[in-house]
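K.L.:
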Amino acid sequence: MAAYVHVGQCGNQLGAAYWQLVGSSDDEASASQAPTKPQPSSVRKRLPPSSASSKQAAVLAAQISRHFFLRPAAAAAAAAAAPLKARCVLVDTEPKVVASVLSRGDFQPAFAHVEQSGRGNNWAMGYNFQHFRRNVIPSKSHTAAAAGPASSMGGPNQPRRPQAVGARTPFDGDDRRELVERAMDSLQKLIEATDCFQGTVLMHSLGGGTGAGLGSRLVELVRDAYPRSYLLTISVAPSGACGDTPLQNYNALFTLAHLQEHADCVLYKENDELLRVAGLWKTLRAKQQDASTQQHTTTDSHNGSKDATAAQPRVSISELNHLAAADVAGLLFPTVSSCSNALSAPVVQPFAFGSLVHDLCPLPAAKFLDVRTGVLRATQLRPSSAKAVDPLFHAGACHVPLAARKSSSNVHSDDSEVEALANKLFRHTAQSFPRSSDAALACSAQVRGFTFANESSTVRSLQVAADAAFPAVAWYPDRQAAVATTSLAPFAHLGGKASVTICANNGHVLRSVEQFLPRAQRQFHAGAYVHWYKQHGLEESHFHEAFECCQGLADGYKELLN
């Protein structure tokens, strides 16, 4: 099992999209209480007919409750009626985003920790805030609150000192500890309530002060507190073409250096790449819808990667979050193996941190992975409001069975159709990767929702397709892609029928490093913005160390890929 930590605006918004894919805790609670009995309609709507058996669906629903949700300790006396809460900690230095996430009702307010000050897009301020609080310029709201009656410590003519920045919010009550201390305490409670703790999943960004600076501090503290458990981060890099702040070059490099030192594995996402991929999927889906409407197909209907740049559709921030969340969920969600006979129970396997590290990043110098998920579903979700975003907006339509009918006399024909559809979805997902790299250190694929009559043959064909899409490096020609299958459909409550998740160690982080490093070095040599970091505890030596670490990261990947 894993404990989740969401840091900053990006981390919490991405986390909200991720937990929306996990599903409603009310449905999970119903499924976990009586998995073998007839399910109420609230649960049945999460489990539409798929290639998996109803027994597998019920077991997975109960297992999701166990792996993703927990019951608050205060509700132990009324455990049967208490709703389940997400197994995560929400951390931010401003309350707006966390308050919006908590409004869903699937999260524990006791595990939400915020302040009012923000971190000013400054990595050093986020990282060292508790030690250099005195250097923070108070906001107008704090200054106004401090302009009350005269202090008992000073005379009537003595000017009042502003109150300390970082005032607590109603989320934490009277808890006066530092933000990182409260977050680590909640993480410890989550881990203690876990049956079998494997590791921590931390979601954050690289460009701001909270996600980058405070996120780096939490990564360091988690590694020190739990050195034998795995630490996986989902890290989102800012746009290299048009950034939000001139400090993002420094912030990204400091964060990359900390991730390289402390994390076991980094699922690295880029805003520019997310925007491109979202446009690619939208273009591909629009072509498929037009083809189905006009009852004919065109020869280039599946070449979305070539035409996406010609007519780029509009993409919202929420859609980018849902796209990144679906990519991650396709990798982290548990799997269910097929039953050997009608009497045996399905074998539910949680996400294995060790297998991911072993298969994709066995070398400490190369731990940045790129992950993409392609989804098929039967029906289009109708948003509850005009502003609501379809969590699977990029999913393709599928109206054919995804299971080979083994009792049929035409088994080979059935399985060929299912295998062809799986390979087609695999190709579309592989096309979403950039073609900037000619080789990959490692590659894996997770196929969900298909049932094959000859699974070993299909796995082999997918391995061949993966090796063709992501060629092996010259010094490891015998590398083979790791392909796993599970027959249960993904995102069932959203109409999902099948998915293919591809994870590759292809050195895509090089593009970010080659963008941010020269810019940061030019800024540093010109003395630009360095004083903002010095007043929060950093010295020039820290800049040189970060530059050296990121240059070593780039050089290491170039050497391994050549």
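Numbering (the numbering used here), first residue to last: 1 to 562. Where a beta carbon is used, it is the ideal one built from N, C-alpha and C, also for glycine.
Let me check understanding here. Comparing Cα to Cα, which of Cys265, Leu256, Thr245 and Asn122 lies closest to glycine 199?
P.N.:
On the sequence shown, position 199 is the one that residue 199 refers to. For the residues Cys265, Leu256, Thr245 and Asn122, the minimum Cα distance to glycine 199 belongs to Cys265.
K.L.:
Could you name the residues of the same chain whose beta carbon sits closer than 8 Å to that of glycine 240, not counting the 5 residues immediately before and after it, in chain order?
P.N.:
What you label residue 240 is simply residue 240 of the sequence shown in a count that begins at 1. Once the five neighbours on either side are set aside, the close Cβ partners of glycine 240 are Glu270, Asp272, Arg511, Ser512, Gln515 and Phe516.
K.L.:
Which value, in whole angstroms, describes the spacing of the CA atoms of threonine 486 and glycine 330?
P.N.:
The residue given as residue 486 occupies position 486 in the sequence shown. The residue given as residue 330 occupies position 330 in the sequence shown. When rounded, the distance between both Cα atoms is 11 Å.
K.L.:
For glutamine 20, which option in Asp185, Ala2 and Ala324 has the closest C-alpha, if you only look at C-alpha atoms?
P.N.:
Position 20 of the sequence shown, counting from 1, holds the residue named residue 20. Ranking the options by Cα distance to glutamine 20, first place goes to Ala324.
K.L.:
Just reading off the alpha helix (DSSP H) that cysteine 550 is part of, what are its end residues?
P.N.:
Taking the sequence shown and counting its residues from 1, the one referred to as residue 550 is at position 550. From DSSP, the alpha helix (DSSP H) with cysteine 550 extends over 540 to 561.
K.L.:
Relative to the C-alpha of lysine 558, which residue among Gln116, Ala365, Asp185 and Ala237 is closest?
P.N.:
Translated into the one-based positions of the sequence shown, residue 558 becomes position 558. Answer by Cα proximity: Ala365.
K.L.:
Can the beta-carbon of cysteine 443 be found less than 8 Å from the beta-carbon of phenylalanine 470?
P.N.:
Start at 1 with the first residue of the sequence shown, and residue 443 comes out as number 443. Start at 1 with the first residue of the sequence shown, and residue 470 comes out as number 470. Their beta carbons are under 8 Å apart, which means cysteine 443 touches phenylalanine 470 by this criterion.
K.L.:
Of all the options Arg448, Val89, Phe547 and Leu206, which has the alpha carbon lying nearest to the alpha carbon of glycine 126?
P.N.:
As a working note, residue 126 is residue 126 in the sequence shown. It is Leu206 whose Cα lies nearest to the Cα of glycine 126.
K.L.:
Look at the alpha carbon of serine 152 and the alpha carbon of arginine 177, and state the distance between them as a whole number of angstroms.
P.N.:
Sequence index remark: in the sequence shown, residue 152 carries index 152 (1-based). Sequence index remark: in the sequence shown, residue 177 carries index 177 (1-based). Reliability fails at serine 152, whose pLDDT of 37 lies under 50, so the model's placement of it is uncertain and the value that follows must be treated cautiously. Their Cα atoms are separated by approximately 24 Å.
K.L.:
Taking the C-alpha atoms as reference points, what is the distance between arginine 285 and serine 235?
P.N.:
Taking the first residue of the sequence shown as 1, we reach residue 285 at position 285. Taking the first residue of the sequence shown as 1, we reach residue 235 at position 235. Approximately 27 Å between the Cα atoms of the pair.
K.L.:
Out of Gly396, His204 and Leu275, which one is the CA nearest neighbour of arginine 314?
P.N.:
To locate residue 314, count along the sequence shown from 1; it is residue 314. Here the closest residue by C-alpha is Leu275.
K.L.:
Valine 98 and alanine 112: beta carbons closer than 8 Å?
P.N.:
The residue labelled residue 98 in the question sits at position 98 within the sequence shown. The residue labelled residue 112 in the question sits at position 112 within the sequence shown. Taking 8 Å as the Cβ cut-off, valine 98 and alanine 112 qualify as a contacting pair.
K.L.:
As a quick exercise: from His542, Tyr230, Asp290 and Ala62, pick the residue whose alpha carbon is nearest that of alanine 564.
P.N.:
For the chain, the structure presents residues 1 to 562; residue 564 sits outside this window and is missing.
K.L.:
Give me the Cα-Cα distance between alanine 237 and tryptophan 475, rounded to the nearest whole angstrom.
P.N.:
Stepping through the sequence shown from its first residue, residue 237 is reached at position 237. Stepping through the sequence shown from its first residue, residue 475 is reached at position 475. If I take the Cα positions, the gap works out to 30 Å.
K.L.:
How many Å lie between valine 7 and glutamine 260 at the Cα?
P.N.:
Against the sequence shown, residue 7 aligns to sequence position 7. Against the sequence shown, residue 260 aligns to sequence position 260. Near 18 Å, if we compare the C-alpha coordinates of glutamine 260 and valine 7.
K.L.:
In the DSSP assignment, find the alpha helix (DSSP H) that holds arginine 217 and state where it starts and stops.
P.N.:
On the sequence shown, residue 217 is found 217 positions in, with the first residue counted as 1. Arginine 217 -> alpha helix (DSSP H) spans 215 to 225.
K.L.:
Compare the Cα-Cα distances from leucine 102 to each of Leu560, Asp244, Ala86 and Ala278 and report the closest residue.
P.N.:
For the purposes of this step, residue 102 is taken as residue 102 along the sequence shown, with counting starting at 1. Ranking Leu560, Asp244, Ala86 and Ala278 by Cα distance to leucine 102 puts Ala86 first.
K.L.:
Which of the three DSSP states is assigned to alanine 17 in this structure?
P.N.:
Along the sequence shown, one-based indexing puts residue 17 at 17. Three-state result, alanine 17: helix.
K.L.:
Is valine 219 near the ligand SAM, in the sense that its beta carbon is under 7 Å from a heavy atom of that ligand?
P.N.:
Among the components of this structure there are no ligands whatsoever, and the ligand SAM is therefore not found.
K.L.:
Assign serine 117 to one of two classes, buried (16 or more other C-beta atoms within 10 Å of its C-beta) or exposed (fewer than that).
P.N.:
Looking up residue 117 in the sequence shown gives position 117. Buried, because 16 or more other Cβ atoms sit within 10 Å of the Cβ of serine 117.
K.L.:
Taking the C-alpha atoms as reference points, what is the distance between lysine 367 and asparagine 12?
P.N.:
Position 367 of the sequence shown, counted from the first residue, corresponds to residue 367. Position 12 of the sequence shown, counted from the first residue, corresponds to residue 12. Each residue's Cα considered, the two are about 23 Å apart.
K.L.:
May I ask you to verify whether the segment 428 to 436 touches the segment 370 to 377, counting CB pairs closer than 8 Å and requiring at least 3?
P.N.:
They touch, by the three-pair rule.
K.L.:
Within the same chain, show all residues whose beta-carbon is closer than 7 Å to that of glutamine 521, passing over the 5 residues directly before and after it, in chain order.
P.N.:
Residue mapping note: residue 521 aligns to position 521 of the sequence shown, counting from 1. So the list reads Phe547, once near-sequence residues are dropped.
K.L.:
Note down, in chain order, each residue of its chain lying with its Cβ closer than 7 Å to the Cβ of proline 350, except the 5 sequence neighbours on either side.
P.N.:
Start at 1 with the first residue of the sequence shown, and residue 350 comes out as number 350. So the list reads Met1, His67 and Pro334, once near-sequence residues are dropped.
K.L.:
Give me the Cα-Cα distance between threonine 210 and asparagine 121, rounded to the nearest whole angstrom.
P.N.:
Start at 1 with the first residue of the sequence shown, and residue 210 comes out as number 210. Start at 1 with the first residue of the sequence shown, and residue 121 comes out as number 121. One C-alpha to the other measures close to 7 Å.
K.L.:
Helix, strand or coil for leucine 247, going by three-state DSSP, please let me know.
P.N.:
Against the sequence shown, residue 247 aligns to sequence position 247. Correct three-state label for leucine 247: coil.
K.L.:
Using the beta-carbon count (16 or more within 10 Å), is lysine 96 buried or exposed?
P.N.:
Translated into the one-based positions of the sequence shown, residue 96 becomes position 96. The residue in question, lysine 96, is exposed, as its Cβ has fewer than 16 Cβ neighbours within 10 Å.
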